[in-house]
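J.: Below: one structure in structure tokens.
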Ligand SMILES: Nc1nc2c(ncn2[C@@H]2O[C@H](COP(=O)(O)OP(=O)(O)OP(=O)(O)O)[C@@H](O)[C@H]2O)c(=O)[nH]1
Ligand SMILES: [Mg+2]
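Residue numbers (our numbering), protein chains in the order written: chain A, 3 to 179; chain B, 66 to 337.
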């Protein structure tokens, strides 16, 4: 059996677990933990501690694994291990929380430093009324015109598929170079 | 859609940068701890500004910028009640009292001062209302934001934030090729000019700092200002080899097989 992997990263509560869950054929491996810090709790109750882990069986001898990074900063050391050998990565950003944009950029730069693999940025939670426009986010996140910034609703499977496909197209393009 | 948040997380400089680069038209409202400001923009340029703490009529602006004396201001305020700013402006110009330039300069100075005050606000809820226009009877200006943005960035003194903005000095800069950005129209300090003169994808920030004799903090602050003004952008230094170790990414080593594998992934995801 051959395996390949992609990494889904981004700030706390960006929707990484949800993204993987929407396309994975197995339940995302439960590594969630109850949140204790009060301000983070105001955002949600469970956070990913070690990693999310999703699987898509391609055919008899190929499997794609999706790994999510833990969103809280104190688990940074996991990242490098996760990044090793990835085909590419997805940076999830919560479009409704501009206070996380700066961190998203730091995460993006960190992953780029681990490996110069292709990546895309997903402007998640575009279904929420207070979501920022993708064009505004491009400026705020300082992404060049060549970086793919895709509108995303992680709870919607079709939307998640589109993001994964765009990353795969980028991987193909990278190989042509 | 909403452009909303708190200055704690997103500074006024960053907001101005966004308006500037995206050439936005509308009103940026900021609710500070004890003052509320509305800044109006037209196609990315400053058009008008007011706060709830001060009279925003022309007579007051001319008084604040020392064009009118206090007595003159009071006289106008009581006698010219109900007169619109545009009418008052015309009256003053026709009376030979001021020129149109003086009025525009006063307004620009007054509006820019409001923004300068905003730079000192550590918190405040902001909201951008697309396409909102200033009151119709007011005189508006068209002021480029670049200089104000650079000024705001200069005030960013905290190392911590600069470290987050520019985590590594091993990156390089290149000039943005955005139409309308003209270096000659920007007031740069001597240090800023020195940094600008070294901008090239070949030079890392570390090298520029050494060449221009700047500390880590100084180079970060200057580069941050240039970035915010949209004059330069960060790029990977050209000399760093971009090695991508495909042998670890793929279970197969032949390039054709790798391509086939990616296409299988694409087909599978499409069919999900
Ligand atoms: N409306 C909406 N809610 C979403 C979307 N994606 C995720 N959420 C919700 O946002 C919250 C956070 O999502 P998670 O998937 O747990 O985020 P995460 O990035 O895994 O979080 P950490 O592991 O703690 O960093 C959950 O309540 C999700 O249900 C989306 O596209 N739209
Ligand atoms: Mg999670």
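By construction, the Cβ of each residue, glycine as well, lies at the ideal position given by its N, Cα and C atoms.
Keep in mind that this is a model prediction, so the values were computed, not measured.
Just to confirm my understanding: we take residue 114 of chain A, look at its own chain, exclude 5 residues before and 5 after, and list those with CB closer than 8 Å. What are they?
T.: Within the first chain, residue 114 of chain A is the residue found at index 112, counting from 1. Around residue 114 of chain A: 121.
J.: Can residue 97 of chain A and residue 142 of chain A be called in contact, C-beta distance under 8 Å?
T.: By 1-based counting over the first chain, the position of residue 97 of chain A is 95. By 1-based counting over the first chain, the position of residue 142 of chain A is 140. No, the pair does not count as a contact, with Cβ atoms beyond the cut-off.
J.: Below 9 Å on C-beta distance, what does residue 4 of chain A contact in chain B?
T.: Position 2 of the first chain, counting from 1, holds the residue named residue 4 of chain A. Going along chain B in sequence order, the residues near residue 4 of chain A (Cβ under 9 Å) are 315, 316, 317, 326.
J.: Just mark residue 258 of chain B as buried or exposed, buried being the case when its beta carbon has 16 or more other beta carbons within 10 Å.
T.: Walking along the second chain from the start, residue 258 of chain B turns up at place 193. Residue 258 of chain B should be labelled exposed.
J.: What span of residues does the alpha helix (DSSP H) with residue 281 of chain B cover, start to end?
T.: Sequence index remark: in the second chain, residue 281 of chain B carries index 216 (1-based). Here the alpha helix (DSSP H) through residue 281 of chain B covers 281 to 293.
J.: Heavy atom of ligand 2 less than 7 Å from the Cβ of residue 56 of chain A, yes or no?
T.: To locate residue 56 of chain A, count along the first chain from 1; it is residue 54. No.
J.: Give me the chain A residues within the contact set of residue 86 of chain B, using Cβ-Cβ distance strictly less than 8 Å, ordered along the chain.
T.: The residue you call residue 86 of chain B lines up with position 21 of the second chain. In chain order: 141.
J.: Between the alpha carbons of residue 191 of chain B and residue 67 of chain B, how many angstroms are there, rounded?
T.: For this step, residue 191 of chain B is matched to residue 126 along the second chain. For this step, residue 67 of chain B is matched to residue 2 along the second chain. Taking the straight line from one Cα to the other gives about 10 Å.
J.: So which of B:317, B:96, B:207, B:208 has the shortest CA-CA distance to residue 118 of chain B?
T.: Within the second chain, numbered from 1, the residue matching residue 118 of chain B stands at position 53. It is B:96 whose Cα lies nearest to the Cα of residue 118 of chain B.
J.: Please list the terminal residues of the continuous beta strand (DSSP E) segment that includes residue 57 of chain A.
T.: Counting from 1 along the first chain, the entry for residue 57 of chain A is found at position 55. It spans 54 to 61 - the beta strand (DSSP E) in which residue 57 of chain A sits, taken as one unbroken run.
J.: Kindly examine ligand 2 and report whether one of its heavy atoms sits closer than 7 Å to the Cβ of residue 118 of chain B.
T.: Position 53 of the second chain holds residue 118 of chain B. Because no heavy atom of ligand 2 lies under 7 Å away, the Cβ of residue 118 of chain B does not count as near it: no.
J.: Which whole-angstrom value describes the C-beta separation of residue 102 of chain A and residue 84 of chain A, a residue pair presumed to lie in contact below a C-beta threshold of 8 Å?
T.: The residue labelled residue 102 of chain A in the question sits at position 100 within the first chain. The residue labelled residue 84 of chain A in the question sits at position 82 within the first chain. Not confirmed; about 20 Å, so no contact.
J.: Would you list, in chain order, the members of the region 123 to 139 of chain A that have their beta-carbon closer than 8 Å to a beta-carbon of chain B?
T.: For the region 123 to 139 of chain A, which is checked against every Cβ of chain B, the residues closer than 8 Å are 131, 132, 133, 134, 135, 137, 138.
J.: Could one say the Cβ of residue 151 of chain B lies closer than 8 Å to chain A's Cβ atoms, at least one of them?
T.: Here residue 151 of chain B refers to the residue found at position 86 when the second chain is read from its first residue. No, residue 151 of chain B does not count as interfacial toward chain A.
J.: Would you call the region 258 to 271 of chain B and the region 199 to 211 of chain B touching, i.e. three or more CB-CB distances under 8 Å?
T.: In short, these stretches do not touch, since the Cβ pair count stays below three.
J.: Determine the extent of the beta strand (DSSP E) in which residue 133 of chain A is found, giving its start and end residues.
T.: Taking the first residue of the first chain as position 1, residue 133 of chain A is located at position 131. Neither: residue 133 of chain A is in no beta strand (DSSP E) and is coded neither H nor E.
J.: Tell me, which residues are paired with residue 125 of chain A by DSSP?
T.: Counted from its first residue, the first chain places residue 125 of chain A at position 123. DSSP lists A:95, A:153 as partners of residue 125 of chain A.
J.: Taking the C-alpha atoms as reference points, what is the distance between residue 101 of chain B and residue 286 of chain B?
T.: Here the question's residue 101 of chain B lines up with position 36 in the second chain. Here the question's residue 286 of chain B lines up with position 221 in the second chain. If you take the alpha carbons of residue 101 of chain B and residue 286 of chain B, they lie about 28 Å apart.
J.: Would residue 109 of chain B pass as a contact of residue 84 of chain B if the rule is Cβ separation under 8 Å?
T.: By 1-based counting over the second chain, the position of residue 109 of chain B is 44. By 1-based counting over the second chain, the position of residue 84 of chain B is 19. Taking 8 Å as the Cβ cut-off, residue 109 of chain B and residue 84 of chain B qualify as a contacting pair.
J.: Got a sec: is the Cβ-Cβ distance from residue 276 of chain B to anything in chain A below 8 Å?
T.: Within the second chain, numbered from 1, the residue matching residue 276 of chain B stands at position 211. No, its Cβ sits nowhere closer than 8 Å to a Cβ of chain A.
J.: Applying the criterion that 16 or more other CB atoms from any shown protein chain within 10 Å of the CB defines a buried residue, is residue 229 of chain B buried or exposed?
T.: Within the second chain, residue 229 of chain B is the residue found at index 164, counting from 1. Flag for residue 229 of chain B reads exposed.
J.: Short of 9 Å Cβ to Cβ, which residues in the region 87 to 99 of chain A face chain B?
T.: Cβ contacts with chain B come from 87, 88, 89, 90, 97, 98, 99.
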